[in-house]
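Numbering (my numbering), first residue to last: 286 to 580.
Glycine residues also receive a C-beta, built at the ideal position from the N, C-alpha and C atoms.
Below, the structure written as structure tokens:
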């Protein structure tokens with residue numbers, strides 16, 4: 286069964302002093318578009334993250350958000366800009382002097398100013414950290430895949446139901462189609478009688494009338510379109526059951542089905558057939574919307 290391109294997955298992996306949390310969201314997209322947000326200390330692992338995602342997912346706009354917490358003391362470096370701190374202290378003393386105060390600026394006051402203290406994350410070992418990140422990524426991808434599969438199954442069931450309705454209506458059209466030339470002959474004969482009255486049988490060439498009806502029957506024949514439509518519907522169900530991503534295949538097939546339905550509609554010089562074609566188009570449009578969300 287196919288997978289939907291819509292889903293969400295979350296994964297987390299933690300040790301005593303470190304934790305990696307991954308969230309992955311995906312929506313439908315024509316291609317595989319992966320966008321990654323991760324802490325600067327993990328930038329070296331972005332390529333591996335991208336490869337992991339593209340190996341698991343074929344299509345969709347995929348947003349990966351990674352959070353990393355390191356509680357080890359050596360994981361951070363605190364640097365003090367002493368020159369900037371002294372400049373702030375001098376400025377504060379000038380303010381105090383102008384105000385007639387003898388209070389000296391405290392260290393706790395000075396460090397509150399921007400850029401006096403800078404906290405920087407220490408460099409991490411990419412290989413060591415990748416084990417944590419990969420584990421969290423796999424969990425998130427597993428959860429995302431489950432959700433996409435569940436949604437895909439729901440979409441597939443809906444499409445199968447609609448394909449079956451289209452096939453049932455195709456059979457109804459196949460039954461009605463041969464009646465159209467017969468009804469045309471009846472309308473033509475009624476019109477001739479209205480125009481010529483009792484002289485109709487004497488003035489009308491039956492062979493020419495038969496040729497006219499045969500030409501009309503050939504012009505409005507939809508036998509080939511009905512056969513091709515049946516074949517396309519069978520192919521749709523067959524492709525839908527494939528284990529691989531099928532969204533692009535089904536998208537193309539929907540276009541072919543639409544082409545046959547349009548041709549039937551253009552040839553169907555009959556109100557009942559026109560109504561049935563409108564129903565087919567309505568069902569196919571709903572299928573097309575579902576296909577757009579398949580991987």
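Collapsed DSSP secondary structure at residue i in the structure displayed
{"i": "residue 364", "result": "strand"}
{"i": "residue 512", "result": "helix"}
{"i": "residue 402", "result": "strand"}
{"i": "residue 386", "result": "coil"}
{"i": "residue 323", "result": "coil"}
{"i": "residue 391", "result": "coil"}
{"i": "residue 419", "result": "helix"}
{"i": "residue 529", "result": "coil"}
{"i": "residue 549", "result": "helix"}
{"i": "residue 397", "result": "coil"}
{"i": "residue 451", "result": "helix"}
{"i": "residue 554", "result": "coil"}
{"i": "residue 463", "result": "coil"}
{"i": "residue 542", "result": "helix"}
{"i": "residue 507", "result": "coil"}
{"i": "residue 410", "result": "coil"}
Pairwise C-alpha distance: residue j and residue i
{"i": "residue 462", "j": "residue 443", "result": "29 Å"}
{"i": "residue 460", "j": "residue 554", "result": "15 Å"}
{"i": "residue 409", "j": "residue 363", "result": "16 Å"}
{"i": "residue 383", "j": "residue 349", "result": "55 Å"}
{"i": "residue 519", "j": "residue 457", "result": "17 Å"}
{"i": "residue 369", "j": "residue 339", "result": "47 Å"}
{"i": "residue 366", "j": "residue 297", "result": "37 Å"}
{"i": "residue 506", "j": "residue 516", "result": "18 Å"}
{"i": "residue 527", "j": "residue 534", "result": "11 Å"}
{"i": "residue 546", "j": "residue 468", "result": "22 Å"}
{"i": "residue 559", "j": "residue 549", "result": "9 Å"}
{"i": "residue 286", "j": "residue 345", "result": "17 Å"}
{"i": "residue 417", "j": "residue 304", "result": "8 Å"}
{"i": "residue 311", "j": "residue 290", "result": "6 Å"}
{"i": "residue 314", "j": "residue 347", "result": "9 Å"}
{"i": "residue 321", "j": "residue 331", "result": "7 Å"}
{"i": "residue 319", "j": "residue 414", "result": "21 Å"}
{"i": "residue 299", "j": "residue 426", "result": "17 Å"}
{"i": "residue 325", "j": "residue 371", "result": "31 Å"}
{"i": "residue 431", "j": "residue 302", "result": "30 Å"}
{"i": "residue 381", "j": "residue 388", "result": "7 Å"}
{"i": "residue 400", "j": "residue 436", "result": "49 Å"}
{"i": "residue 543", "j": "residue 556", "result": "20 Å"}
{"i": "residue 448", "j": "residue 438", "result": "15 Å"}
{"i": "residue 452", "j": "residue 464", "result": "20 Å"}
{"i": "residue 392", "j": "residue 385", "result": "21 Å"}
Beta-carbon proximity list for residue i, same chain, < 6 Å, skipping 5 on both sides
{"i": "residue 390", "result": "374 and 377"}
{"i": "residue 337", "result": "422"}
{"i": "residue 429", "result": "292, 294 and 309"}
{"i": "residue 329", "result": "411"}
{"i": "residue 509", "result": "none"}
{"i": "residue 434", "result": "288"}
{"i": "residue 514", "result": "455 and 545"}
{"i": "residue 541", "result": "517"}
{"i": "residue 424", "result": "296"}
{"i": "residue 552", "result": "505 and 507"}
{"i": "residue 307", "result": "296, 351, 421, 422 and 425"}
{"i": "residue 354", "result": "304"}
{"i": "residue 335", "result": "319"}
Residues near residue i in its chain [Cβ-Cβ closer than 7 Å; skip 5 each side]
{"i": "residue 539", "result": "569, 572, 573 and 576"}
{"i": "residue 564", "result": "454"}
{"i": "residue 343", "result": "317, 530 and 580"}
{"i": "residue 402", "result": "363, 365 and 396"}
{"i": "residue 578", "result": "289, 290, 291, 313 and 440"}
{"i": "residue 561", "result": "454, 457 and 458"}
Counterpart residues of residue i in DSSP-defined beta bridges
{"i": "residue 289", "result": "579"}
{"i": "residue 345", "result": "317"}
{"i": "residue 353", "result": "305"}
Residues near residue i by beta carbon distance below 8 Å, same chain, minus five either side
{"i": "residue 524", "result": "531, 534, 535 and 538"}
{"i": "residue 419", "result": "333 and 337"}
{"i": "residue 522", "result": "445 and 448"}
**OP:** Mind listing, in chain order, the continuous beta strand (DSSP E) runs of no fewer than 3 residues lying wholly within the region 291–321?
**Re:** Correct list: 292–299 and 303–312.
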